[in-house]
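A.B. asks: This is the structure, below, for whatever I ask next.
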Amino acid sequence: MHAATSTRAQEARISALLAEIDKLQRELGEHEDAEKIAKHHIQLLHRYNEAKDATQILIGRLATLRGTTVRQIHEDLDLNGDD
-19 MHAATSTRAQ
-9 EARISALLAE
1 IDKLQRELGE
11 HEDAEKIAKH
21 HIQLLHRYNE
31 AKDATQILIG
41 RLATLRGTTV
51 RQIHEDLDLN
61 GDD
């Protein structure tokens, strides 16, 4: 911590952070591993991104075959920016 912060303020901040950690662990579940859960979510995000990238490649090829734009293919397939 910054040298200008008093020891008492540092201890209070540490206590508050430890209490927050305890609260979050209770919400997560006492025997759940947050790192394991985060790692699993990251793996799922990678899979999602790979599928989305592959889909965009296919949409690009379809646009080329049809002689139109990727935007038009998105509109034709009723895809929006959130997909």
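Under our numbering, the residues of the sequence shown are numbered -19 to 63, in order.
Every residue gets a Cβ at the ideal spot worked out from N, C-alpha and C, and that includes glycine.
1) Is it the case that the stretch 15 to 33 contacts the stretch 44 to 54, given that we only count it when at least three CB pairs across the two stretches are under 8 angstroms?
2) Write down the C-beta distance between A14 and L8 rounded to the nearest angstrom, noting that I regard them as a contact closer than 8 angstroms.
3) Does DSSP classify H21 as helix, strand or coil?
4) When you compare only the Cα positions, how much space is there between A(-8) and L4?
C.D. replies: To lay it out plainly:
1) no
2) 6 angstroms
3) helix
4) For A(-8) and L4, the distance between alpha carbons rounds to 18 angstroms.
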